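K.L.:
In this note's numbering, the protein residues as written are 91 to 724.
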RNA sequence: GCUAAAUUAGCUCAGUGGUAGAGCAACUGAUUCGUAAUCAGUAGGUCGGGGGUUCAAAUCCCCCAUUUAGCUCCA
């Protein structure tokens with residue numbers, strides 16, 4: 091008997107059956123064998139010591155692939171758990187998966203792990219990698235598994251086992267004295283783990299449910315060599331420099347002040363200018379795309395929130411009522427009730443639709459204290475909100491245009507990588523399932539027609555409608571939701587919205603709730619991190635800084651400033667009696683895009699020397715040339 | 001809200017029971033200089049807030065607030 095192995099390039103190799111997967115890798119090249127983490131056999135990930143008994147398509151995953159990283163990190167999590175169990179035998183183990191950047195393991199222990207203990211654990215892990223302990227897979231029945239983990243008093247494993255159907259085969263992996271319930275696959279042995287670091291500890295609820303016990307989690311990361319580990323650690327350092335909270339302070343853009351209140355943002359002049367430019371662009375674009383702008387109040391009577399249902403299902407995120415003349419008023423957590431009230435204030439014909447009502451609407455939500463985060467998660471924020479009210483026939487066009495509009499706008503700010511999610515009907519939902527179907531398909535078609543890659547979040551929609559979310563990543567690769575496009579089958583009913591159709595009868599319109607930037611605050615935060623503070627020229631609060639070399643050029647500098655201002659550019663002069671090197675340094679640190687250096691030579695010849703932030707000296711040129719160059723970038 | 005850590009001058013940080021410190025920034029003066037820091041001087045702090053222990057607290061203990069990293073939840 092022999093087996094035919096087909097490799098990804100189509101080439102084939104014949105072996106006497108059975109053949110171990112890593113033997114194939116070895117024959118392809120010793121380097122591949124060395125770098126291989128797992129084998130993919132007919133599309134299924136397997137351990138490298140897997141015996142192949144039948145003809146199969148085989149490929150190998152190294153650390154370069156997502157699957158390879160995943161297994162590598164998962165195996166490191168097991169290694170860490172082994173070290174923890176050896177050092178702290180009384181600790182119970184819970185779960186330890188690979189995550190986007192590394193791995194974690196949750197432990198049940200009364201005390202938290204302190205930094206000194208992390209070092210101990212790391213050292214023990216190093217010893218264990220030196221022993222090259224093989225990860226040994228064992229398949230057993232559920233009863234055997236329960237018995238085994240009961241004997242070790244690993245109660246969390248028993249709980250996991252209790253949820254696995256009785257007939258299923260269960261696998262465990264053991265390296266040395268450590269055994270874990272695990273589906274696998276894993277790397278061959280612990281010596282494959284070359285470079286690792288335990289990064290941080292935190293609490294984490296068992297099964298992610300805050301009603302459950304809080305376990306102690308250790309996060310870590312590992313790499314096949316020290317170089318990659320050091321690169322990653324450097325990336326973390328650089329991410330700190332891109333942090334919008336640091337940039338906000340350094341560039342004097344905004345602050346959040348203890349006395350004013352947590353999660354409430356003070357926009358300083360520089361930040362306010364950027365925000366103004368964003369909002370101005372936003373308004374212009376919305377008008378161009380057929381939106382009507384509205385303004386609505388910040389508070390509304392209890393009756394309004396009763397009608398909208400917010401007092402029923404959203405109350406815990408709302409600030410407490412304030413009483414005026416015996417009536418309760420609430421500060422708004424959302425703009426929808428107001429926009430829909432605008433719609434309701436008139437009778438509408440199908441000829442009026444679609445109606446797109448937009449507003450930069452400031453809302454206030456009570457967010458639990460632990461979730462606040464710079465500008466990304468605040469308690470008072472401005473949504474770039476709009477509600478599209480349309481007929482069923484208009485749905486597809488509206489959704490299509492909207493998605494194009496959203497990407498167009500995000501790209502205008504420089505963003506080029508997005509995570510797109512389509513969330514479908516949850517178990518508890520309002521509205522006609524046929525409407526859900528129509529709306530979901532409309533969203534899906536639009537994404538597919540435009541060739542946008544997306545993930546489906548099955549059952550992840552709000553109870554009132556399906557949605558598309560677009561997320562943008564921050565400096566640390568954390569994804570923040572910005573754009574959201576949500577159908578609403580709840581509010582049209584609650585507000586009894588209607589339009590008169592061509593048949594002269596009343597119909598219920600569709601309502602799409604959407605925000606493209608999401609909130610101005612969060613968007614601003616992601617924007618700062620994405621550009622590392624070096625905003626596109628059109629958004630810079632100061633676009634040009636004019637730097638005279640000595641006091642003799644002050645008049646010339648001021649004249650230049652006037653010329654730039656006349657073109658609508660934001661230009662300032664640094665007239666302090668400092669040396670040019672110092673002024674340049676300051677302008678560079680403030681990330682001002684263009685510096686105009688003017689000394690005796692420039693003043694006499696009517697030229698400027700231009701310098702571009704991040705690029706350096708651009709040389710001497712005429713004022714007209716400088717203006718042309720700047721204009722070209724705008 | 002939960003777990004853990006932190007909070008000292010505008011900023012970044014030192015200071016482990018005995019008179020509150022540095023660098024940068026600010027202010028004043030001198031310097032007028034060619035591509036990332038000129039020199040000198042001055043001023044600036046209820047050591048997050050409150051309570052306690054102590055002869056004595058930035059330092060030890062308790063409560064509260066805020067921040068940070070996660071968890072849960074969300075734009």
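Using N, Cα and C, we set each Cβ at its ideal position, and we do this for glycine too. Since this is a predicted model, take the numbers as computed values, not measurements.
Touch check for the region 679-695 and the region 634-651: three-plus C-beta pairs under 8 Å?
P.N.:
yes
K.L.:
Just reading off the beta strand (DSSP E) that residue 535 is part of, what are its end residues?
P.N.:
No beta strand (DSSP E) contains residue 535, which is instead part of the alpha helix (DSSP H) from 523-539.
K.L.:
Can you grab the Cα-Cα spacing for the pair residue 415 / residue 384, in whole Å?
P.N.:
27 Å
K.L.:
Rounded to a whole number of angstroms, what is the C-alpha to C-alpha distance between residue 58 and residue 489?
P.N.:
Nothing about residue 58 can be read from this structure; the chain reaches only from 91 to 724.
K.L.:
For residue 349 and residue 458, I'd like the C-alpha separation in whole angstroms.
P.N.:
18 Å
K.L.:
Would you list the one or two residues that DSSP bridges to residue 438?
P.N.:
Paired residue(s): none; residue 438 is not in a bridge.
K.L.:
Look at the Cβ atom of residue 555, then the Cβ atom of residue 516, and state whether they are nearer than 8 Å.
P.N.:
no
K.L.:
Pull up the CB-CB distance for residue 174 and residue 148, whole angstroms please, since I reckon it's below 8 Å.
P.N.:
Not quite, the Cβ-Cβ distance comes to about 35 Å (not below 8 Å), so this is no contact.
K.L.:
Helix, strand or coil for residue 622? Go by DSSP, reduced to three states.
P.N.:
In this structure, DSSP gives residue 622 a state outside helix and strand, which the three-state scheme calls coil.
K.L.:
Please list the terminal residues of the continuous alpha helix (DSSP H) segment that includes residue 236.
P.N.:
232-241
K.L.:
Within 10 angstroms of the Cβ of residue 467, are there 16 or more other Cβ atoms? Answer buried if so, exposed if not.
P.N.:
buried
K.L.:
Any contact between the region 656-675 and the region 375-389? By contact I mean 3 or more CB pairs, one from each, below 8 Å.
P.N.:
no
K.L.:
Indicate whether residue 112 and residue 138 have their beta-carbon atoms separated by less than 8 Å.
P.N.:
yes
K.L.:
Between 619, 183, 217 and 712, which lies nearest to residue 248 when the distance is taken from Cα to Cα?
P.N.:
183
K.L.:
Return yes when the Cβ of residue 310 is within less than 8 Å of the Cβ of residue 287, no when it is not.
P.N.:
Taking 8 Å as the Cβ cut-off, residue 287 and residue 310 qualify as a contacting pair.
K.L.:
Nearest CA to the CA of residue 351: which residue from 464, 271 and 321?
P.N.:
464
K.L.:
Measuring only the C-alpha atoms, how far is residue 398 from residue 610?
P.N.:
24 Å
K.L.:
Would you identify the three-state DSSP class for residue 225, choosing helix, strand or coil?
P.N.:
coil
K.L.:
What is the rounded straight-line gap between the Cα of residue 303 and the Cα of residue 195?
P.N.:
15 Å
K.L.:
Taking contact to mean at least 3 C-beta pairs separated by less than 8 Å, is the region 433-448 in contact with the region 392-412?
P.N.:
Per the Cβ contact rule, the region 433-448 is not in contact with the region 392-412 (fewer than 3 Cβ pairs under 8 Å).
K.L.:
Looking at C-alpha atoms only, which residue of 638, 426, 510 and 571 is the closest neighbour of residue 541?
P.N.:
510
K.L.:
Do residue 421 and residue 400 have their beta-carbon atoms positioned less than 8 Å apart in this structure?
P.N.:
It is not a contact, given that the beta carbons lie outside the stated cut-off.
K.L.:
Taking residue 250 and residue 230 to be in contact with their CB atoms under 8 Å, please state how far apart those CB atoms are, rounded to whole angstroms.
P.N.:
That pair is no contact at about 15 Å.
K.L.:
Leaving out five residues on either side along the sequence, give the residues of the same chain with a beta carbon under 6 Å from the beta carbon of residue 716.
P.N.:
Cβ within range, chain order: 698 and 700.
K.L.:
Who are residue 666's beta bridge partners in DSSP?
P.N.:
DSSP lists no partner for residue 666.
K.L.:
For residue 125, which of helix, strand or coil comes out of DSSP?
P.N.:
Residue 125 sits in a helix when the DSSP states are folded into three classes.
K.L.:
Looking at the secondary structure, which residues open and close the beta strand (DSSP E) in which residue 696 lies?
P.N.:
From DSSP, residue 696 is part of no beta strand (DSSP E); its letter is neither H nor E.
K.L.:
Going by the beta-carbon positions, is the gap between residue 677 and residue 635 smaller than 8 Å?
P.N.:
yes
K.L.:
Assign residue 197 to one of three DSSP states: helix, strand, or coil.
P.N.:
strand
K.L.:
Looking at C-beta atoms only, is the number of pairs between the region 316-323 and the region 214-230 that lie closer than 8 Å three or more?
P.N.:
no
K.L.:
Let me make sure I understand the geometry here. Which of 192, 185 and 140 has the alpha-carbon closest to that of residue 157?
P.N.:
192
K.L.:
Residue 357 bridges to which residues according to DSSP?
P.N.:
344
K.L.:
Within its chain, find whatever has a CB closer than 8 Å to the CB of residue 163; leave out the 5 residues flanking it on each side and keep chain order.
P.N.:
188, 189, 192, 193, 311 and 312
K.L.:
Enumerated in chain order, which unbroken segments of the beta strand (DSSP E) with a length of 3 residues or greater are wholly contained in the region 585-624?
P.N.:
600-609
K.L.:
Would a C-beta distance cut-off of 8 Å place residue 123 and residue 140 closer than the cut-off?
P.N.:
no
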